[in-house]
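All residue numbers for the sequence shown refer to the working numbering, where the first residue is 24 and numbers rise by one. The C-beta atom is built at its ideal place from N, Cα and C for all residues, glycine as well.
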Amino acid sequence: MPEKTPKLSPDEPKHDSAQAGTDSPSQEVAAHERPVDEEPTPQPPLDWMDKTLQWGVRVKPGKKGLTVDSLNVGIYGEVPEFWEEQTRMPRGAYPAGGVPPIGYSLRYKHEMWADNAAGLYEEAVQRRWIPATDVPWDTIPSQPDDVQAAMAQICTELSQQANVEIESIGYWMPQMSYGYHEVKLYLATELMDAARHLEVFRKRALINGGGLGLESSGGVNRMILESRGGWSETSLFLHLLRGTFTMTLYRYGEAYATNPADKYIFGRCLQDKSRHLAYGLNHLRYAITHAQDKALIFQRLLAVGEAVLARDLNDPVLSEALAVVMGGGLEGAQVGMGRVRQLMGDFVGQYLRYAEQLGISREQSLSGGLARFF
24 MPEKTPKLSP DEPKHDSAQA GTDSPSQEVA AHERPVDEEP TPQPPLDWMD
74 KTLQWGVRVK PGKKGLTVDS LNVGIYGEVP EFWEEQTRMP RGAYPAGGVP
124 PIGYSLRYKH EMWADNAAGL YEEAVQRRWI PATDVPWDTI PSQPDDVQAA
174 MAQICTELSQ QANVEIESIG YWMPQMSYGY HEVKLYLATE LMDAARHLEV
224 FRKRALINGG GLGLESSGGV NRMILESRGG WSETSLFLHL LRGTFTMTLY
274 RYGEAYATNP ADKYIFGRCL QDKSRHLAYG LNHLRYAITH AQDKALIFQR
324 LLAVGEAVLA RDLNDPVLSE ALAVVMGGGL EGAQVGMGRV RQLMGDFVGQ
374 YLRYAEQLGI SREQSLSGGL ARFF
């Protein structure tokens with residue numbers, strides 16, 4: 024049974040729920056809808072507006088448009104030898120006080136700089152390509168199992184090399200000070216190039232009834248990934264030593280391609296890798312000329328790196344796969360092996376020329392494992 028409502032005494036006022044407690048919603052809205060002029064608007068101090076180190080800059084686009092290099096005018100083009108700031112302050116910005124330091128490990132210009140970095144960034148942006156749609160995948164014909172297996176093995180090796188490049192650059196970029204943004208911009212494109220190479224060679228291995236092959240022995244891979252002496256030392260292995268070898272593989276891949284897809288893949292990767300070496304060699308030259316004893320340090324590191332690469336090359340998997348592809352199959356593998364030796368000779372010769380250009384001649388002290396190809 025519902026409870027009975029208690030009767031009110033004659034002297035007790037009636038309880039009106041509409042009048043008790045808080046105001047109704049409409050009354051609340053009305054209370055807040057007061058004229059604006061009843062509450063004074065605070066005057067913004069605008070203290071930040073005069074915080075600039077140089078005002079009145081007008082950058083004009085050139086023949087190639089508004090490039091990163093064209094922004095280097097006035098104080099904005101002053102690249103210091105040492106970056107004092109330990110924050111994410113852009114070069115030329117007005118410093119804010121009290122910002123906690125981040126702790127970059129690379130703060131000297133010679134630890135990362137290359138004069139061509141900004142130009143290479145522009146080139147990389149203009150020449151980007153998309154493996155999913157730019158490669159004429161439908162031009163890859165059905166191939167014999169031996170040729171397909173060999174191509175898949177080459178692609179496995181190249182995708183593994185690209186992955187190492189991604190991880191290595193990804194480790195060092197956060198260590199680089201913001202004062203040298205041209206280098207950080209360029210390396211972002213090299214990282215993306217490496218991702219594209221990993222993608223395209225993985226796709227090439229899987230598109231034609233094959234699959235991925237055997238993991239490489241990986242001595243050079245590990246050497247690059249575990250290099251912690253500095254970015255210059257890592258670049259020495261990544262660009263001069265491994266990069267020259269990879270570029271030679273791309274060049275021969277394009278030369279011996281038997282269909283438009285493979286020719287396109289190796290040709291575009293070769294273009295990208297040439298750009299990577301252009302940065303690497305320019306940076307290494309800058310480091311040698313601006314840092315004490317760098318040439319001697321590089322000499323000693325290359326002696327170690329050459330021996331590690333020679334051990335990797337003693338593994339017959341890659342050379343045999345190259346011989347099968349360049350010989351047109353197992354029956355032509357012997358002819359293909361002669362072409363592999365030519366490839367290796369071209370690599371070692373180019374490597375020695377690059378080292379000579381840097382002022383770190385290696386011909387007289389080249390590792391025996393590589394000297395046999397020269």
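> In terms of residue numbering, what span does the alpha helix (DSSP H) encompassing Lys317 cover?
Replying inline: 317-337
> Skipping 5 residues on each side, what residues in its chain have a beta carbon closer than 7 Å to that of Ala280?
Replying inline: Lys286, Phe289
> So what's Tyr377 in DSSP terms, helix, strand or just coil?
Replying inline: helix
> Just reading off the alpha helix (DSSP H) that Met72 is part of, what are its end residues?
Replying inline: Premise fails: Met72 is in no alpha helix (DSSP H) and is neither H nor E.
>> In this structure, how does DSSP classify Leu181 when only helix, strand and coil are distinguished?
In response: helix
> Nearest to Glu146 by alpha carbon, out of Tyr194, Asp92, Pro68, Leu341?
Replying inline: Asp92
>> Tell me which residue opens and which closes the alpha helix (DSSP H) that Pro154 is part of.
In response: Start and end: 154-157.
> Would you report the Cα separation of Asn337 and Leu229, rounded to the nearest angstrom?
Replying inline: 27 Å
> From Gly9 to Ile247, what does the alpha carbon distance come to, in whole angstroms?
Replying inline: No answer is possible for residue 9: it lies beyond the span of the chain, which begins at 24 and ends at 397.
>> Please state the DSSP three-state secondary structure of Gly276.
In response: helix
>> Taking the alpha helix (DSSP H) that His299 belongs to, which residues open and close that run?
In response: 283-313
>> Could you check whether Leu237 and Val347 sit closer than 8 Å to each other, using their CB atoms as the reference points?
In response: no
> Which stretch, first to last residue, makes up the alpha helix (DSSP H) that contains Asp92?
Replying inline: In the DSSP annotation of this structure, Asp92 is not part of any alpha helix (DSSP H), being labelled neither H nor E.
>> Which same chain residues end up closer than 6 Å to Leu210 when comparing Cβ atoms and leaving out the 5 residues on each side of it in sequence?
In response: Ile192, Met196
>> Using CA atoms only, rank isn't needed, just tell me which of Tyr194, Gly115, Asp216 is closest to Gln77.
In response: Gly115
>> In the DSSP output, what is Tyr131 paired with across the bridge?
In response: Listed as beta-bridge partners of Tyr131 by DSSP are Phe105.
> Within the chosen definition, does the region 252-259 reach the region 302-322 through at least 3 CB pairs nearer than 8 Å?
Replying inline: Yes, the region 252-259 is in contact with the region 302-322.
> Which ranges does the alpha helix (DSSP H) cover as unbroken runs of at least 4 residues, wholly within the region 192-268, from first to last along the chain?
Replying inline: 204-229, 242-248, 254-258
> Quick one: Cα of Ile153 to Cα of Pro84, how far?
Replying inline: One C-alpha to the other measures close to 28 Å.
> Does the separation of the CB atoms of Leu181 and Leu272 fall below 8 Å?
Replying inline: yes
> What is the rounded straight-line gap between the Cα of Phe268 and the Cα of Phe370?
Replying inline: Taking the straight line from one Cα to the other gives about 6 Å.
> If you compare alpha carbons, which of Ala326, Tyr117, His313, Gln109 is closest to Pro123?
Replying inline: Pro123 has its Cα closest to that of Gln109, out of Ala326, Tyr117, His313, Gln109.
> Going by DSSP, which residues form a beta bridge with Gly85?
Replying inline: Gly88
>> Could you compute how far the alpha carbon of Gly241 sits from the alpha carbon of Asp335?
In response: 7 Å
> By Cβ distance, which residues of its chain are closer than 6 Å to Ile383, with the 5 residues on each side in sequence left out?
Replying inline: In chain order, Ala318, Phe321, Gln322 place their CB closer than 6 Å to the CB of Ile383, counting only its own chain and leaving out the 5 sequence neighbours on each side.
> Between which two residues does the alpha helix (DSSP H) containing Gln149 stretch?
Replying inline: According to the DSSP assignment, Gln149 belongs to the alpha helix (DSSP H) that extends over 140-149.
>> Within 10 Å of its beta-carbon, does Gly253 have 16 or more other beta-carbons around it, so buried, or fewer, so exposed?
In response: buried
> By DSSP, does Tyr99 sit in helix, in strand, or in coil?
Replying inline: helix
> Per DSSP, what kind of secondary structure is Val347 in: helix, strand or coil?
Replying inline: Per DSSP, reduced to three states, the secondary structure at Val347 is helical.
> Which class does Glu62 belong to by DSSP, given the choice of helix, strand or coil?
Replying inline: coil
> By a C-beta neighbour count over all protein chains shown, 10 Å radius and 16 as the cutoff for buried, is Gly44 buried or exposed?
Replying inline: At Gly44, the pLDDT of 48 sits below 50, so the modelled position is not reliable and the matter cannot be decided from this model.
>> Whole angstroms are fine: how far does the CA of Tyr117 sit from the CA of Gly79?
In response: If I take the Cα positions, the gap works out to 15 Å.
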